[in-house]
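A.B. asks: Have a look at this one before I ask anything.
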Amino acid sequence: MKTPFSIVIVVLAAALLALPACKSADKKKDNRTGQARLIGVIEMVNPEQNYVLINCEQRHHLPAGTELIVLDATGGKSKIVITPERKGNYLTADIKEGMPAVSSLVLLKLRESDTLPAPPAAGGTADAASAPASLSPVIESSTGSLPPIPAIEFPRGGSLSQPPPLTQDQMLPLPKPLTPPPSSPSSEEPPPDLSKLPPVVR
């Protein structure tokens, strides 16, 4: 099976783009200066005799053979070595690596780049921090164990069935109808006697 020509071109282009990224990453990693002290500034560069003149703000008692780092404005680094010749605040140094530029900073490396952080102290502190916190609270009872939850049974078939009919004992008695109280004969008034009325005068 032949590979299409377009796929080969895409793979080669991706490989070419990845190479500069790797080179720049390595260069950044190698250019780490770490902790350093400022010594002075490059005053003059003599490439023919391969030495530089350093202008220091104050006198530094650095022995001959001390290696210094030169850092320019673009981030480029060079290495120089101090020579015995010096006068006042000026020092001379031989170029060991790279090509320093005028007005570049001259640094004395004190230590390498930042070290790794110290490991956590041994003991219960690290274990307590690494152990995940419980998300659910623990329920405790006075008896030591909780009673089991009774199972709930649901009707089968997906529909609720009608409740069973009530028995005669479970039914409530119906209220009795209200009847008017019987009237007593003494309470009735006798009809009026018309013979006792006076005669009507016409």
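With my numbering applied, the sequence shown covers 309 to 510.
Ideal Cβ positions, reconstructed from N, Cα and C, are used throughout, including at glycine.
Considering only residues of the same chain and omitting the five flanking positions on each side of E405, which have a CB-CB separation below 8 Å?
C.D. replies: Excluding residues within five positions, the ones whose Cβ falls inside 8 Å are S386 and K387.
A.B. asks: For I403, which residues in the same chain have their Cβ closer than 6 Å to its Cβ, ignoring the five residues on either side in sequence?
C.D. replies: Excluding positions up to five away in sequence, the list reads N358 and I388.
A.B. asks: Using a 10 Å radius around the Cβ and a threshold of 16 neighbouring Cβ atoms, would you call R371 buried or exposed?
C.D. replies: What sits at residue 371 in the sequence shown is Pro, not Arg. The residue is exposed, with fewer than 16 neighbouring Cβ atoms inside 10 Å.
A.B. asks: Could you give the residue range of the beta strand (DSSP E) that holds T391?
C.D. replies: K385 to K395 is the span of the beta strand (DSSP E), which, as asked, contains T391.
A.B. asks: In this structure, what does DSSP give as the bridge partners for N354?
C.D. replies: N354 is bridged to Y359.
A.B. asks: With a CB to CB cut of under 8 Å and the five nearest residues on each side skipped, what residues in its chain are close to Q366?
C.D. replies: So the list reads N397, once near-sequence residues are dropped.
A.B. asks: Exposed or buried, S412, counting other C-beta atoms within 10 Å across all chains shown (16 or more means buried)?
C.D. replies: Classification of S412: buried, given that the 10 Å Cβ count is 16 or more.
A.B. asks: Helix, strand or coil: how does DSSP classify L486 here?
C.D. replies: Residue state, collapsed to three classes: coil.
A.B. asks: Under a three-way DSSP split, which group does L474 fall into?
C.D. replies: Here L474 sits in coil by DSSP.
A.B. asks: Tell me whether the beta-carbon of T374 lies closer than 7 Å to the beta-carbon of I362.
C.D. replies: Their beta carbons are not under 7 Å apart, which means T374 does not touch I362 by this criterion.
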